[in-house]
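Protein chains in written order, with numbering that gives the first Met the number 0: chain Z, 0 to 482; chain P, 0 to 111.
See below for the structure under consideration.
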Amino acid sequence: MLNHLKKLTLCLTVGVFAYAGIGGTDMAFAQEDAEATTEVVTEEVAAEEATGPAEPDEDYLDLVATYGETFDFFTISNLWILIAAALVFTMHLGFATLESGLTQSKNTVNILFKNVFIICMGILTYLLWGFNCMYPGEMGVDWNGFFSAGSPVTMADYGGTDFSYGGTALAMTGWTDFIFQAMFAATAATIVSGAVAERIKLPAFMIGGTILVMFIYPVSGSWKWGGGWLDNMGFYDFAGSTLVHGFGGFAALAAVLILGPRAGKYVDGKIKPILGHSMPLATIGVFLLFLGWFGFNGGSVLSAAPEGVSFVFVTTASAAAAGGLASIFVSWIFLKKPDLSMALNGILAGLVGITAGADSVTLWSAVIIGLIAGGIVVFSILAFDKAKIDDPVGAISVHGICGIWGTIAVGLPFFNGGSEDITLVPQLVGTLSICAFAFICSLIIFIALKAIMGIRVSAEEEEQGLDIGEHGQEAYPNFVPNQ
Amino acid sequence: MKKIEAIIKPFKLEEVKDALAELGIEGMTVSEVKGFGRQKGHTEIYRGSEYTVDFLPKIKLEVVIADSVLDNAVAAIIKAAKTGKIGDGKVFVSPIDDAIRIRTEEKGEKAV
Numbered sequence: 000m001l002n003h004l005k006k007l008t009l010c011l012t013v014g015v016f017a018y019a020g021i022g023g024t025d026m027a028f029a030q031e032d033a034e035a036t037t038e039v040v041t042e043e044v045a046a047e048e049a050t051g052p053a054e055p056d057e058d059y060l061d062l063v064a065t066y067g068e069t070f071d072f073f074t075i076s077n078l079w080i081l082i083a084a085a086l087v088f089t090m091h092l093g094f095a096t097l098e099s100g101l102t103q104s105k106n107t108v109n110i111l112f113k114n115v116f117i118i119c120m121g122i123l124t125y126l127l128w129g130f131n132c133m134y135p136g137e138m139g140v141d142w143n144g145f146f147s148a149g150s151p152v153t154m155a156d157y158g159g160t161d162f163s164y165g166g167t168a169l170a171m172t173g174w175t176d177f178i179f180q181a182m183f184a185a186t187a188a189t190i191v192s193g194a195v196a197e198r199i200k201l202p203a204f205m206i207g208g209t210i211l212v213m214f215i216y217p218v219s220g221s222w223k224w225g226g227g228w229l230d231n232m233g234f235y236d237f238a239g240s241t242l243v244h245g246f247g248g249f250a251a252l253a254a255v256l257i258l259g260p261r262a263g264k265y266v267d268g269k270i271k272p273i274l275g276h277s278m279p280l281a282t283i284g285v286f287l288l289f290l291g292w293f294g295f296n297g298g299s300v301l302s303a304a305p306e307g308v309s310f311v312f313v314t315t316a317s318a319a320a321a322g323g324l325a326s327i328f329v330s331w332i333f334l335k336k337p338d339l340s341m342a343l344n345g346i347l348a349g350l351v352g353i354t355a356g357a358d359s360v361t362l363w364s365a366v367i368i369g370l371i372a373g374g375i376v377v378f379s380i381l382a383f384d385k386a387k388i389d390d391p392v393g394a395i396s397v398h399g400i401c402g403i404w405g406t407i408a409v410g411l412p413f414f415n416g417g418s419e420d421i422t423l424v425p426q427l428v429g430t431l432s433i434c435a436f437a438f439i440c441s442l443i444i445f446i447a448l449k450a451i452m453g454i455r456v457s458a459e460e461e462e463q464g465l466d467i468g469e470h471g472q473e474a475y476p477n478f479v480p481n482q
Numbered sequence: 000m001k002k003i004e005a006i007i008k009p010f011k012l013e014e015v016k017d018a019l020a021e022l023g024i025e026g027m028t029v030s031e032v033k034g035f036g037r038q039k040g041h042t043e044i045y046r047g048s049e050y051t052v053d054f055l056p057k058i059k060l061e062v063v064i065a066d067s068v069l070d071n072a073v074a075a076i077i078k079a080a081k082t083g084k085i086g087d088g089k090v091f092v093s094p095i096d097d098a099i100r101i102r103t104e105e106k107g108e109k110a111v
């Protein structure tokens, strides 16, 4: 897209009349046109073209015809994506409360601190490097489709403030595009935060998380959303079941394997549960995540196209509800009691599951995808526990396993209504390659950190709690419930 | 003077307090405690794994009284705290050598 714009400017400055449309207009066509009319066009006309407002494209004119002259598609779309970005921001509050609720009160300051750090770090590293690494331009022209170096976002590149930035398909300004994507980026580290909670050294987590968010997430993101090799192959991931959640889940799995389980979790071959200290906090967290997901998926329509946004809201909420119900009944039947923490994980499982296909699966497929995700998550949590892979909040199961499920499900004809554009093989290749990439990179990062500085707090500090050990602060001074 | 220490079920506190107040007992101290007796603990489930809760939440009520009201006070506590089921708690009685009200420096039974 940017490349198109640069070419357009070049054409105009040499005094040719380039009638280029908006967005995906084929540049070669514009250039042919320009050559044919070079002689009859004056420089004055060209100057007018260069400074005048961009013309809306045909899709826009169709929308105006449908909705009337007052339909200001660009402004509404831009505003909706900004609201969606703010909703995705609230998901970080959701993660912070969910993670603190499902862990012990003696580690609450540490969990909250990590979440505060992640959102600050995530936005700035995305500004400095991530965004341009993830969206490098046209594959084969600007980059090879596998890796592109990042660079700081500049006013010149991302100040596009009208339809010329992305047409109807990406109806927003460059800044909106940046901030919406920036809110997603930090999620990868947040998912890791929950899985490694209660035992990781703070500096090791901060360094590992920064490397993951700044350098690793944008690379695998560029493979699909940046128009790289997976996009070329036909891989589809609407809002990031794999690109965001699968990535985070498998990065978390690698970190947990290097780190080991919490002390006292697996004793003499038996699982000893370590209770979360606040179910109200955990529940608030899941409701906030549910709310934020309307922005996560709804904003990923990348415009306020009425049909798209409203359909995505319905599929997102339906899958979440189905995931919650499925995990309620599965845990009730198989674990004897209706477990609240499992019901909460089930809602998230449904949300992660539908994220890959919220716009492209059929309505009832969304419900079934959510139901299956809600069932998978319960057994996945039990299986990881049996394998002595200690994940206090169930992040690996919710984001990793259900991320894979959701992305592959979109490729099944049963769910996508027999779509010819989305097929199973690219879905399998994309899901596995991104999850494997996240896992291997995270494994290398945390092995290196373990060798260099150590990643685990001492046994005494773990016993006393990371709040005192790492921060010298208590989350609940004068009131520390006995565990 | 005697001190009564009563370990009771938390939801019985209100009834016990009212019963003692009816006898004209003007002060008491309560704390949230945990423990077990013959009732032992019970099993709970968290995320699919069973665990035993050994120490159950109870209320410890402490009251120091004149010897003359001891029998009535103990009887009132027992009547109010009894459900007849295991885990109702226990009452301990011990002698107190002296008591002093800090504000007035009154001593002995006048101070309780």
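The C-beta atom is built at its ideal place from N, Cα and C for all residues, glycine as well.
Exercise for the section: Assign W363 of chain Z to buried or exposed, taking buried as 16 or more other Cβ atoms, counted over all protein chains shown, within 10 Å of its Cβ. Expected result: Within a 10 Å sphere around the beta-carbon of W363 of chain Z sit fewer than 16 other beta-carbons, which makes this residue exposed.
Practice task
At 8 Å on the CB atoms, spell out the chain P contacts of K271 of chain Z, in chain order.
Solution key: Going along chain P in sequence order, the residues near K271 of chain Z (Cβ under 8 Å) are S48 and Y50.
Exercise for the section: Assign N143 of chain Z to buried or exposed, taking buried as 16 or more other Cβ atoms, counted over all protein chains shown, within 10 Å of its Cβ. Expected result: The C-beta of N143 of chain Z has fewer than 16 other C-beta atoms within 10 Å across all chains shown, which makes the residue exposed.
Problem - Buried or exposed by the 16-neighbour rule on C-beta atoms within 10 Å, applied to I118 of chain Z - result: I118 of chain Z should be labelled buried.
Practice task
Could you check if T189 of chain Z is buried or exposed, using at least 16 other CB atoms within 10 Å of its CB as the buried criterion?
Solution key: The residue in question, T189 of chain Z, is buried, as its Cβ has 16 or more Cβ neighbours within 10 Å.
Exercise for the section: Closer than 9 Å by beta-carbon distance: list the chain P residues that pair up with S340 of chain Z, in chain order. Expected result: Listed along the chain, the chain P residues whose CB falls inside 9 Å of the CB of S340 of chain Z are Y45 and R46.
Practice task
Using a Cβ-Cβ cut-off of 8 Å, state whether L274 of chain Z counts as contacting chain P.
Solution key: By this cut-off, L274 of chain Z is an interface position.
Exercise for the section: Answer with yes or no whether the minimum CB distance from K223 of chain Z to chain P is below 8 Å. Expected result: So, not an interface residue.
Practice task
With distances taken Cα to Cα, identify the nearest neighbour of G239 of chain Z among Z:H276, Z:G352 and Z:V140.
Solution key: Cα-wise, what sits closest to G239 of chain Z is Z:G352.
Problem - According to DSSP, residues forming a beta bridge with K2 of chain P - result: According to DSSP, which records beta bridges pairwise, K2 of chain P is partnered with P:V63 and P:S93.
Exercise for the section: Return no unless some Cβ of chain P is closer than 8 Å to the Cβ of D390 of chain Z. Expected result: No, its Cβ sits nowhere closer than 8 Å to a Cβ of chain P.
Problem - Neighbour list for D71 of chain Z in chain P, Cβ cutoff strictly below 8 Å - result: Correct list: empty, because the minimum Cβ distance to chain P is about 49 Å.
Practice task
Helix, strand or coil for M232 of chain Z, going by three-state DSSP, please let me know.
Solution key: Look at M232 of chain Z here: in three-state DSSP terms it is helix.
Exercise for the section: For E48 of chain Z, count neighbouring Cβ atoms within 10 angstroms of its own Cβ and tell me buried if that reaches 16, exposed if not. Expected result: Note on E48 of chain Z: pLDDT 49, under 50, position unreliable in the model; the coordinate value appears next. Here E48 of chain Z is buried: its Cβ has 16 or more other Cβ atoms, across all protein chains shown, within 10 Å.
Handout entry: Identity of the residues DSSP links to H398 of chain Z by a beta bridge
Key = DSSP, once it has assigned bridges, lists no residue as partnering H398 of chain Z.
Handout entry: Buried/exposed call for K264 of chain Z, threshold 16 Cβ in 10 Å
Key = Under the 10 Å beta carbon count, K264 of chain Z is surrounded by 16 or more other beta carbons and is classified as buried.
Handout entry: Proximal residues of chain P, C-beta to C-beta of L334 of chain Z below 7 Å
Key = Think of a sphere of 7 Å around the beta carbon of L334 of chain Z: the chain P residues whose beta carbon falls inside it are I44 and G47, in chain order.
Practice task
Note down the Cα distance separating T103 of chain P from S277 of chain Z, rounded to an integer number of angstroms.
Solution key: The straight-line gap from Cα to Cα measures roughly 45 Å.
Exercise for the section: Please go through the stretch 75-114 of chain Z and give each complete beta strand (DSSP E) segment of 3 or more residues, from N-terminal end onward. Expected result: For secondary structure counted as the beta strand (DSSP E) over 3 or more consecutive residues, the stretch 75-114 of chain Z holds no complete run.
Handout entry: Extent of the continuous alpha helix (DSSP H) to which Y216 of chain Z belongs
Key = Note, Y216 of chain Z: alpha helix (DSSP H), Y216 to K223.
Practice task
Starting from S379 of chain Z, follow the alpha helix (DSSP H) in both directions and report where the run begins and ends.
Solution key: Element bounds for S379 of chain Z: L362 to K385.
Practice task
Could you tell me which residues DSSP puts in a beta bridge with T51 of chain P?
Solution key: Paired residues: P:T42.
Practice task
Might you give, ordered along the chain, the residues of its own chain that have their beta carbon closer than 6 Å to the beta carbon of V32 of chain P, omitting 5 neighbours on each side?
Solution key: The residues are K57 and K59.
Exercise for the section: Kindly indicate the opening and closing residues of the alpha helix (DSSP H) around G345 of chain Z. Expected result: Annotation: the continuous alpha helix (DSSP H) that includes G345 of chain Z extends over L339 to T354.
Exercise for the section: Using the Cα positions of I375 of chain Z and M341 of chain Z, report the straight-line distance between them to the nearest angstrom. Expected result: I375 of chain Z and M341 of chain Z: Cα-Cα distance of roughly 11 Å.
Problem - Identified DSSP bridge partners for K200 of chain Z - result: None, per the DSSP bridge assignment.
Practice task
Return the residues of the stretch 358-388 of chain Z that lie within a Cβ-Cβ distance of less than 9 Å from chain P, sorted by chain order.
Solution key: Within the stretch 358-388 of chain Z, the qualifying residues are V377, I380, L381 and D384.
Exercise for the section: Under the assumption that I85 of chain P contacts R37 of chain P (Cβ atoms under 8 Å), give the Cβ distance between them as a whole number of angstroms. Expected result: The Cβ separation is near 6 Å, so the contact holds.
Handout entry: Run of the beta strand (DSSP E) containing G34 of chain P, from where it starts to where it stops
Key = Element bounds for G34 of chain P: T28 to G34.
Problem - Bridge partner(s) assigned by DSSP for K269 of chain Z - result: According to DSSP, residue pairing for K269 of chain Z in a beta bridge involves Z:V266.
Handout entry: Nearest-angstrom Cα separation, counted from G107 of chain P out to V73 of chain P
Key = For V73 of chain P and G107 of chain P, the distance between alpha carbons rounds to 20 Å.
Practice task
Determine, using beta-carbon pairs with one atom in the stretch 180-200 of chain Z and one in the stretch 383-392 of chain Z, whether at least three such pairs fall under 8 Å.
Solution key: Taking a cut-off of 8 Å for Cβ pairs, the stretch 180-200 of chain Z and the stretch 383-392 of chain Z touch, as three or more such pairs fall below it.
Handout entry: Rounded straight-line distance, which links the Cα of V115 of chain Z to that of W128 of chain Z
Key = One Cα belongs to W128 of chain Z, the other to V115 of chain Z, and the distance between them is close to 20 Å.
Practice task
Look up P425 of chain Z in the DSSP assignment and give the residues it is bridged to.
Solution key: P425 of chain Z pairs with nothing; no bridge assigned.
Problem - Delimiting residues of the alpha helix (DSSP H) encompassing K335 of chain Z - result: Counting along the chain, K335 of chain Z falls outside any alpha helix (DSSP H), and DSSP gives it neither H nor E.
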